[in-house]
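K.L.:
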Amino acid sequence: MTGPHSVDRALALLDAVADAAGPVSAKALARQVGCSLSTVYHLLGPLTERGHLVRGPRGYALGPRVPALHRSFQRQLGVHSAVGTLLSQVRRAAGAETYFTAYSDGRITVVDTTAPPADAGHPFPPGPETRAHATAHGKVLLAQLPRAARRRYLTDHGMARFTARTITDAERFEAELTGVRHRGVAVSVGEADPDYTCVAVPLPGTPGRALSVSLPRAGFLRRRDEVTGVLTLAATAFPTVPE
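As numbered in my numbering, residues 7 to 249 make up the sequence shown, in order.
1) What beta strand (DSSP E) runs, 3 residues minimum, are completely inside the stretch 78–158?
2) How is the beta strand (DSSP E) around residue 169 delimited, first residue to last?
3) In chain order, what residues of the same chain lie with their CB nearer than 8 Å to the CB of residue 209, ignoring the 5 residues before and after it?
4) With a CB to CB cut of under 6 Å and the five nearest residues on each side skipped, what residues in its chain are close to residue 171?
5) When burial is assigned at 16 or more other CB atoms within 10 Å of the CB, is residue 249 buried or exposed?
6) Can you look up residue 32 in the DSSP assignment and give me helix, strand or coil?
7) Among 225, 220, 155, which one has its Cα closest to the Cα of residue 96?
8) For a quick check, are the C-beta atoms of residue 78 and residue 145 less than 8 Å apart?
9) Once DSSP output is grouped into helix, strand and coil, what is the label at residue 236?
10) Can the beta-carbon of residue 120 be found closer than 8 Å to that of residue 94?
11) How many angstroms separate the CA atom of residue 167 from the CA atom of residue 173?
12) To the nearest angstrom, report how far apart residue 128 and residue 155 are at their CA atoms.
13) If you draw a straight line from the C-alpha of residue 118 to the C-alpha of residue 108, how long is it?
14) Please list, in chain order, all residues of the same chain as residue 141 whose beta carbon is under 6 Å from its beta carbon, the five residues on each side excluded.
15) Could you pull the start and end residues of the beta strand (DSSP E) that residue 40 belongs to?
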């Protein structure tokens, strides 16, 4: 197995363990990644030795190195140490999972969330946001960009259709973002996931940052004003996040 291919397989194993609801056996990983059991053990060795994974009686789970990497990622992105605390406060006030999302160097990333890591069914997990045009946080961040940069982003990442409600026409999307800038809030009702609505606001004084919540579509209409009010108030108290 060549060097780059080996690295790709090792990262696939790490992703498989991260996406699992609990510890995963080597045999299950071999089936999932599509390689021999001996190859899996060969790749799991360094991942375990470096602390990215730990081996227990029921299989492999994420190791202590992973949260350290996440903290480093947040530090390099300029995330204030108090962000996690404020997200938890917003979750309690809004009664909905809360997210901090950022735009940087042509990428949109869900940096932090109150959603449980084991909740694989949750619509917006931490990491690269590949459905930005269909999410409220993506709309807020794209609305802040100059039109040329926004068009470049949409050309690079596309405007795939995820549900019947997803906006895939560039001009219609521009009109949507004009409304976002005017209202100061973005809403996505079943555009990225048919069962979820998300609401987002920009963070004052910190371009390229958004605060958002997600909740089931069924409860959105009766709680729209309440949730939007919580977000707007929280955004004014959000810690200053340097560029």
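Every residue, glycine too, gets a C-beta built ideally from N, C-alpha and C.
P.N.:
Walking through what the data contain:
1) 103–110, 113–119
2) Position 163 of the sequence shown, counting from 1, holds the residue named residue 169. Residue 169 -> no beta strand (DSSP E), and no H or E assigned at all.
3) Reading the sequence shown from its first residue, position 203 is the one you call residue 209. Here the set comprises 215, 216, 217, 241, 244, 247.
4) Taking the sequence shown and counting its residues from 1, the one referred to as residue 171 is at position 165. Only 196, 197 meet the Cβ criterion.
5) Translated into positions along the sequence shown, residue 249 becomes position 243. Its pLDDT being 40, under 50, residue 249 is placed unreliably in this model, and the value from its coordinates should be taken loosely. With fewer than 16 Cβ atoms within 10 Å of its Cβ, residue 249 is classed as exposed.
6) As a first step, residue 32 is located in the sequence shown; it is residue number 26 there, counting from the start. Helix at residue 32.
7) By one-based count along the sequence shown, residue 96 stands at place 90. Comparing Cα positions, the closest option is 220.
8) Taking the sequence shown and counting its residues from 1, the one referred to as residue 78 is at position 72. Taking the sequence shown and counting its residues from 1, the one referred to as residue 145 is at position 139. No, the Cβ-Cβ distance between residue 78 and residue 145 is not below 8 Å.
9) Looking up residue 236 in the sequence shown gives position 230. Correct three-state label for residue 236: helix.
10) Locating residue 120 in the sequence shown gives position 114, where the first residue counts as 1. Locating residue 94 in the sequence shown gives position 88, where the first residue counts as 1. Going by C-beta atoms, residue 120 is nearer than 8 Å to residue 94.
11) Walking along the sequence shown from the start, residue 167 turns up at place 161. Walking along the sequence shown from the start, residue 173 turns up at place 167. Answer to the nearest angstrom: the Cα atoms are 7 Å apart.
12) Position 122 of the sequence shown, counting from 1, holds the residue named residue 128. Position 149 of the sequence shown, counting from 1, holds the residue named residue 155. So the alpha carbons of these two residues sit roughly 30 Å apart.
13) Translated into the one-based positions of the sequence shown, residue 118 becomes position 112. Translated into the one-based positions of the sequence shown, residue 108 becomes position 102. The straight-line gap from Cα to Cα measures roughly 10 Å.
14) As a position in the sequence shown, residue 141 is number 135, starting the count at 1. Cβ neighbours of residue 141 beyond the five flanking positions: 194, 198, 204.
15) The count along the sequence shown starts at 1 and reaches residue 40 at position 34. For residue 40, no beta strand (DSSP E) run applies, since DSSP gives it neither H nor E.
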